[in-house]
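In this note's numbering, the protein residues as written are 1 to 317.
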């Protein structure tokens with residue numbers, strides 16, 4: 001009987017599940033909607049019910065070594081709890097590990113969602129299995145995961161890898177959800193790119209003025225068509241992202257810095273500009289050894305990373 005890991009990527013809209021072999025092949029994937037009503041009280045029971053349903057049918061003959069989950073919010077790895085996951089309705093600590101282990105009698109491992117995605121890209125994605133990898137995910141916000149010598153860097157307070165909150169010198173000083181201003185997240189996330197465009201478009205002739213509701217996807221599309229303001233915004237965001245990436249490279253000199261998330265779906269149009277600024281700011285020895293890459297696992301990075309948690313933390317597996 002082949003052994004498997006069960007990886008869970010818990011998001012604010014959907015929760016994805018994946019059955020992954022010990023070699024890293026995704027054998028089965030399914031998802032359920034994430035019910036954030038009533039302060040998210042149904043989220044964990046819904047997850048458990050979905051897994052139990054699969055265990056009673058298709059997964060009945062599978063040997064599952066353990067379960068890993070990537071989750072937003074502040075993760076207490078010692079006690080297996082999550083708090084401050086505001087998009088899920090969780091303000092107080094949620095005893096997730098206890099709920100899973102009591103219900104399913106399987107080892108359970110919990111990690112921040114960005115860290116889980118970093119592990120996924122390291123294991124089966126653009127990280128090529130190397131020991132030193134940094135991952136940035138550009139979505140509504142900017143998440144980060146740092147892996148050095150095969151170990152996640154979580155910091156003394158559990159907040160290691162908060163790359164989205166690097167302070168960036170810029171003329172805008174947009175407020176950040178963390179309470180500070182001028183964080184990287186306010187400039188290069190999907191929200192940040194819209195912020196940049198909104199700060200310019202009222203005083204500039206641009207096709208963006210024809211859009212009642214701007215999105216980063218619209219801005220990238222118009223930039224590719226040659227709209228000068230959209231190009232200015234993309235170039236500015238790429239400059240900030242490239243600068244931050246070169247700072248990471250010069251500090252850590254990892255094998256790879258990997259950029260993923262919805263904003264990164266702009267592909268080479270964005271990455272070529274980021275890479276130019278990245279290489280410009282790198283120390284010569286770093287320029288030769290640290291590579292800037294686009295993520296390759298897409299929306300499955302969290303599942304692979306959650307499964308990998310079981311592989312690296314389950315002493316029985």
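Each residue gets a CB set at the ideal place from its N, CA and C atoms; glycine is no exception. Small disclaimer: the values here were computed from a predicted structure and weren't measured.
Cβ shell of residue i (< 6 Å), same chain only, five flanking positions each side left out
{"i": "residue 276", "result": "none"}
{"i": "residue 22", "result": "3"}
{"i": "residue 286", "result": "249, 250, 253"}
{"i": "residue 29", "result": "18"}
{"i": "residue 244", "result": "166, 184"}
{"i": "residue 26", "result": "18, 20"}
{"i": "residue 240", "result": "168, 187, 188"}
{"i": "residue 178", "result": "165"}
{"i": "residue 152", "result": "115"}
Cβ distance (whole Å) where residue i is taken to contact residue j below 8 Å
{"i": "residue 158", "j": "residue 74", "result": "6 Å"}
{"i": "residue 12", "j": "residue 300", "result": "About 18 Å; that fails the 8 Å criterion."}
{"i": "residue 126", "j": "residue 48", "result": "No, residue 126 and residue 48 are not in contact; Cβ-Cβ is about 33 Å, not under 8 Å."}
{"i": "residue 141", "j": "residue 164", "result": "6 Å"}
{"i": "residue 295", "j": "residue 258", "result": "5 Å"}
{"i": "residue 139", "j": "residue 263", "result": "7 Å"}
{"i": "residue 56", "j": "residue 76", "result": "About 31 Å separates the two Cβ atoms, so there is no contact after all."}
{"i": "residue 89", "j": "residue 40", "result": "4 Å"}
{"i": "residue 168", "j": "residue 181", "result": "Incorrect: roughly 10 Å between the Cβ atoms, too far for contact."}
{"i": "residue 260", "j": "residue 117", "result": "7 Å"}
Coarse secondary structure for residue i, derived from DSSP in three states
{"i": "residue 3", "result": "strand"}
{"i": "residue 112", "result": "strand"}
{"i": "residue 81", "result": "strand"}
{"i": "residue 20", "result": "strand"}
{"i": "residue 264", "result": "helix"}
{"i": "residue 187", "result": "helix"}
{"i": "residue 167", "result": "strand"}
{"i": "residue 156", "result": "coil"}
{"i": "residue 207", "result": "helix"}
{"i": "residue 213", "result": "coil"}
{"i": "residue 317", "result": "With a pLDDT of only 48 at residue 317, under the threshold of 50, the placement of this residue in the model should not be trusted; the figure read from the coordinates follows. Residue state, collapsed to three classes: coil."}
{"i": "residue 177", "result": "coil"}
{"i": "residue 256", "result": "strand"}
{"i": "residue 46", "result": "helix"}
{"i": "residue 272", "result": "helix"}
{"i": "residue 10", "result": "strand"}
Endpoints, the alpha helix (DSSP H) within which residue i is located
{"i": "residue 294", "result": "Careful: residue 294 lies outside any alpha helix (DSSP H), inside the beta strand (DSSP E) at 291-294."}
{"i": "residue 104", "result": "96-104"}
{"i": "residue 40", "result": "37-40"}
{"i": "residue 242", "result": "228-252"}
Residues near residue i in its chain [Cβ-Cβ closer than 8 Å; skip 5 each side]
{"i": "residue 195", "result": "172, 174, 186, 187"}
{"i": "residue 317", "result": "With a pLDDT of 48 at residue 317, under the threshold of 50, the predicted position of this residue should be treated as unreliable, and no value is reported."}
{"i": "residue 87", "result": "12, 36, 72"}
{"i": "residue 62", "result": "1, 2, 4, 19"}
{"i": "residue 131", "result": "147, 148, 149, 150, 255"}
{"i": "residue 215", "result": "190, 194"}
{"i": "residue 58", "result": "28"}
N- and C-terminal bounds of the beta strand (DSSP E) containing residue i
{"i": "residue 71", "result": "63-71"}
{"i": "residue 74", "result": "74-76"}
{"i": "residue 299", "result": "Counting along the chain, residue 299 falls outside any beta strand (DSSP E), and DSSP gives it neither H nor E."}
{"i": "residue 33", "result": "26-33"}
{"i": "residue 136", "result": "133-138"}
{"i": "residue 148", "result": "142-148"}
Contacts around residue i, its chain only, beta-carbon distance under 7 Å, and the 5 residues preceding and following it disregarded
{"i": "residue 297", "result": "120, 121, 124, 125, 304"}
{"i": "residue 279", "result": "287"}
{"i": "residue 201", "result": "208, 209, 229"}
Any chain E beta carbon closer than 9 Å to residue i
{"i": "residue 65", "result": "Given the protein chain composition of this structure (a single chain), no chain E is represented."}
Contact test: residue i Cβ vs the ligand MN heavy atom, cutoff 8 Å
{"i": "residue 62", "result": "Here there are no bound small molecules, and the ligand MN is not part of this structure."}
Exercise for the section: Check whether the stretch 211-229 touches the stretch 88-102, taking contact to mean three or more Cβ pairs, one atom from each stretch, closer than 8 Å. Expected result: Here the stretch 211-229 makes no contact with the stretch 88-102; the two share fewer than three CB pairs at distances below 8 Å.
Practice task
For the stretch 300-313 and the stretch 113-122, state whether three or more C-beta atom pairs, one from each stretch, are separated by less than 8 Å.
Solution key: yes
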